[in-house]
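Chains as they are written, first to last, in our numbering: chain D, 1 to 268; chain B, 1001 to 1234. Backbone N, C-alpha and C define an ideal beta-carbon position, used for all residues, glycine too. Here the structure is a predicted model, which is why all the values come from computation and not from measurement.
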Amino acid sequence: MLKVIFPGQLQLGLTQAVAAAIIAFAVVLLARRRQIHLESEAAIAMGRGLVQIVAVGSVLVLLLRGPRWTASILLAVMILAAGATSAKRAKGIPSAFRVSTYSIACGAGSVIAVMTWLGVIDTAISALIPVGSMLIANAMNTNGLALNRFRSDVLAHVGEIETALALGADPKQSVSPYVQASLEASLIPAIDSLRSLGIVWIPGLMAGMLLSGARPVYAAIYQFVVLTMIFAASGLTSLVSTLLVRAQAFTSAEQLSLRPGVSANLAG
Amino acid sequence: MDFLGVPEPQSPNILVADHLSRSVNGVTLVNDITVQVRAGEVLAVVGPSGSGKSSFLRLLNRLDEPTSGTVFLEGIDYRQLPPRELRRKVGMVTQRAFMFPGSVAQNLSFGPRQRGETLSDARAEKLLTRVGLPGYGPREAVNLSGGEAQRVSLARALANSPVILLLDEPTSALDDEAKSGVESLIRDIIHQSFLTCVVITHDVSQATRMANRVMLLESGRATRVGSVEEVLHA
């Protein structure tokens, strides 16, 4: 219907964006009726997302035609931005930005490096950036989920953790059930994506490959390759972030610093 | 110790809080407390809600870090002790008993297991008998009543053979029946074992029944320290 009313691409795009935003805000209003306030976060996220993607879209052609070495700079910037975004899900956790950035760099960065070296990801910037961004974005989501789950589990079990510490437990052991739970929970989206590949989810990348002339079977197999890389990058990110965040939850004197109302690390 | 359970004046100090203070975000929770606890003595810490009783107790096993001052355990500055060794020696029973998943016996062996030791079935049963729960070893710990869980919590702390036991309002979360049972059990264990204790309570009559000495806390500061008569019945 919109295509008939707005034949111009720019007008059509803006109108489509407004339609999508209206649906999203309808959901936000429904949530508000249940006393769940997502208004400001949803508005900021949508505003930021639109501005960022339009800005990148405007220069994407130039970026994709740039020299190959610029790919590593672009991927590094993406990892930093992913670390900053993900860290916001870990309020109260000391050094959340450092933990997130390091975890995403280890998880997504190492999978991108190895797979590019093996030739699984093409070194052409037009292939490396889209596939790399997928791995980084999924690693960011996984990291955010892991940190958020760890934080909420620890805050809900302060009594159990401090009881273990008071009995002489190693801090690592005192939070091990919550580290495990956050690791498992953070990987649910990546595992479910793999599990539902081709049935629930047909990635856009596959359609693009088919349109650009790839053989359907190869295009299909490559979707599996991408999702498996996503799982590997997400898994490694979550493993690293849960290891790092576990250390951040305690002071040097083995006191639980991640407690409601206590943010200061007062240990010497 | 004499027959009334009062430690001899020459008993050595097991624990000394030396100008202990703690502030968080500019709020002073514990303010320059100095107090000694002699071997075999039971020190009750009393005071109104929010006076810093629990904050003080958490400093004694270094669950929280003092902003200034320190604690000497058996003459050693506790900052020189590895935290896990310190907490093994300074046992703690909290207001609410948090049970770990698994059996009661597994809960009892938690502390010794941290040091690579095993708690024999005989010793576990002896501890359970001591807290009035013989035969409870195989039971699921999370299914216990509040009073039973508090008894297991006490046995679990004792399984570490602490040199001093910290009790943070150990009966305040229990119903009246369980409360009197747990209190008399703690009193018996303390006096039979010559155990040194610091007990937090807001109940003056409980402090009178349990303690040799009392420290009154007000706004984080120790305003009176002395015998039960001197502090509570003056």
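Can you find a CB in chain D that lies within less than 8 Å of the CB of residue i?
i: E1074/B; result: no
i: V1016/B; result: no
Measuring straight from C-alpha to C-alpha, what distance separates residue i and residue j?
i: I104/D; j: L145/D; result: 13 Å
i: G204/D; j: L194/D; result: 15 Å
i: E1169/B; j: Q1095/B; result: 5 Å
i: V1090/B; j: G1075/B; result: 14 Å
i: L12/D; j: A247/D; result: 50 Å
i: R1038/B; j: N1013/B; result: 4 Å
i: V28/D; j: Q35/D; result: 10 Å
i: G7/D; j: L14/D; result: Inspection of the sequence shows that residue 7/D is occupied by Pro rather than by Gly. P7/D and L14/D: Cα-Cα distance of roughly 12 Å.
i: S1011/B; j: Y102/D; result: 55 Å
i: S1023/B; j: L118/D; result: 56 Å
i: P177/D; j: S241/D; result: 15 Å
i: D1121/B; j: C1197/B; result: 27 Å
i: L236/D; j: A87/D; result: 17 Å
i: S40/D; j: T142/D; result: 23 Å
i: G1050/B; j: I79/D; result: 46 Å
i: G198/D; j: V4/D; result: 32 Å
i: E254/D; j: P1082/B; result: 9 Å
i: L1128/B; j: L1059/B; result: 29 Å
i: R1113/B; j: A1017/B; result: 29 Å
i: S1068/B; j: H1019/B; result: 7 Å
i: V1231/B; j: R1224/B; result: 6 Å
i: A185/D; j: S234/D; result: 12 Å
i: P1066/B; j: A190/D; result: 44 Å
i: Y1136/B; j: H157/D; result: 25 Å
i: N265/D; j: V1042/B; result: Reliability of the predicted coordinates at N265/D is poor, the pLDDT of 38 falling under 50, and the value obtained from them is presented with this limitation in mind. When rounded, the distance between both Cα atoms is 32 Å.
i: T85/D; j: N1025/B; result: 27 Å
i: H1191/B; j: V154/D; result: 37 Å
Going along chain D, which residues have a C-beta under 7 Å from residue i?
i: M1236/B; result: This structure leaves residue 1236/B out entirely; chain B is present only between 1001 and 1234.
Hey, is residue i's beta-carbon within less than 8 Å of any beta-carbon in chain B?
i: A153/D; result: The question names Ala, but residue 153/D is Asp in the sequence shown. It does not: the Cβ of D153/D has no partner Cβ on chain B nearer than 8 Å.
i: E184/D; result: no
i: A264/D; result: Residue confidence for A264/D is low, a pLDDT of 40 falling below 50, so the modelled location carries little weight and cannot support an answer.
i: T163/D; result: yes
i: A267/D; result: Because A267/D carries a pLDDT of 37, less than 50, the predicted location of this residue cannot be relied on, and no value is offered for it.
Identify which residue in the options has its Cα closest to the Cα of residue i.
i: V1093/B; options: G1147/B, L1232/B, Y1078/B, V1225/B; result: G1147/B
i: M206/D; options: V226/D, L187/D, I188/D; result: V226/D
i: V1204/B; options: R1130/B, H1233/B, L1154/B; result: H1233/B
i: A81/D; options: W201/D, F150/D, S133/D; result: S133/D
i: A1149/B; options: V1182/B, G1069/B, L1165/B; result: V1182/B
i: V1046/B; options: A1124/B, V1199/B, D1175/B, S1068/B; result: V1199/B
i: L258/D; options: T237/D, G235/D, P171/D; result: P171/D
i: L1029/B; options: G1052/B, S1153/B, G1132/B; result: G1052/B
i: R89/D; options: S152/D, A164/D, V4/D; result: S152/D
i: V61/D; options: A127/D, I188/D, Q173/D; result: A127/D
i: S1054/B; options: G1226/B, R1113/B, S1021/B, D1188/B; result: S1021/B
i: R68/D; options: T116/D, K91/D, A181/D, S100/D; result: T116/D
i: A1105/B; options: F1098/B, R1088/B, A1097/B, A1124/B; result: A1124/B
i: L64/D; options: L167/D, P130/D, S212/D, P260/D; result: P130/D
i: S95/D; options: L147/D, I202/D, L187/D; result: L147/D
i: A124/D; options: S110/D, A21/D, S72/D, A232/D; result: S72/D
What in chain B is Cβ-close to residue i, meaning under 9 Å?
i: E160/D; result: F1098, M1099, F1100
Starting from residue i, find everything on chain B with Cβ-Cβ shorter than 8 Å and list it in chain order.
i: A249/D; result: Here the premise fails: no neighbours, minimum Cβ distance about 14 Å.
So residue i contacts chain D; which residues on that side make the cut at Cβ distance below 8 Å?
i: F1194/B; result: Within 8 Å Cβ-Cβ: nothing; F1194/B doesn't reach chain D, min ~22 Å.
i: R1156/B; result: L167
i: N1160/B; result: L167, G168
For a contact defined as C-beta to C-beta under 7 Å, what are the partners of residue i on chain B?
i: A253/D; result: R1062, E1065, P1083
Closer than 8 Å, CB to CB, is residue i near chain E or not?
i: A1017/B; result: You won't find chain E in this structure, because its protein chains are D and B.
Exercise. Identify each residue in the segment 1074 to 1089 of chain B for which the Cβ-Cβ distance to at least one residue of chain D is less than 8 Å, and report them in chain order.
Key: R1079, P1083, R1084, E1085, R1087, R1088
Quiz prompt | Interface positions of the segment 1048 to 1072 of chain B facing chain D (Cβ-Cβ less than 9 Å), listed along the chain | solution = R1058, N1061, R1062, L1063, D1064, E1065, P1066, T1067
Quiz prompt | Positions along the segment 1102 to 1114 of chain B whose CB lies within less than 7 Å of some CB in chain D | solution = F1110, G1111, Q1114
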